[in-house]
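Under my numbering, the letters of the sequence shown match residues 972 to 1161, in that order.
Even glycine gets a Cβ: it sits at the ideal position worked out from N, Cα and C.
Shown next, in structure tokens, is the structure this report addresses.
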Amino acid sequence: MIEALLAAADLTLNDLDALAYGHGPGSFTGLRIAAGTIQGLAFGLDVPVIGVSTLAALSLQAHRLHHARFVLPMLDARMGELYTGAYRVVTRADGEIEVEQVLPEQVCAPGLLELPAALREHDWLAVGSGLVMHDELPESVRASLALQLPEPQPDAEAMVMLAAQAYARGEAVSAVEAQPVYLRNEVAWR
């Protein structure tokens, strides 16, 4: 799959300056596969890596699709909990889109989620698989949700945009530092 993607872009592995991967939060197995794959490739190519937040990528994608300025990504974390954070998406004077975290990424029960008090009056776009727990959210959060889209998943284009920005800021790290972000220590078994 990697070779086909590179061929479609008329690139080779040696053309790459860095590698990006979705570091989470997300499924335990998926995150381990992503981190292990990126480490193997990065070690072999001797290039740095950039971990991209799944929630930030989902927020950027929601902004691109629906022009939302305030995004509340929610992923089903199993065990009756959500992976979530809150983001303001702004377009800078140079035209670059910036995803600013306004609520730290966390895993929490839906009933404990709170938006930042100073930003509650804005219309928020809630996005992600965690919307199945919408009815369990506090009324203060539900009242701020102007639009809800449970379907989108983070896409590669959003991850690449965020990774390129992080690379330009000098945030790339060595392959040995590529780690998943779980947000919790327990694993939900199915």
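- Residue ranges of uninterrupted alpha helix (DSSP H) with 4 or more members, entirely inside the segment 1021-1070 and ordered along the chain, are 1025-1037.
- Residue nearest to Gly995 within the set Val1018, Tyr1058, Ala1048, Cys1079 is Ala1048 (criterion: CA-CA distance).
- Residue pairing by DSSP places Tyr1153 in no beta bridge whatsoever.
- When only Cα atoms are considered, Ala1089 and Thr983 end up about 47 Å apart.
- Here the segment 1130-1138 makes contact with the segment 1008-1027; the two share three or more CB pairs at distances below 8 Å.
- The beta carbon of Ala1057 lies closer than 7 Å to those of Leu1043, Val1073, Leu1074, Leu1086, Pro1087 in the same chain, with the five residues before and after it left out.
- For Val1098, the beta-bridge partners assigned by DSSP are Pro1044, Leu1120.
- Around the beta-carbon of Gln1032, 16 or more other beta-carbon atoms lie within 10 Å, marking it buried.
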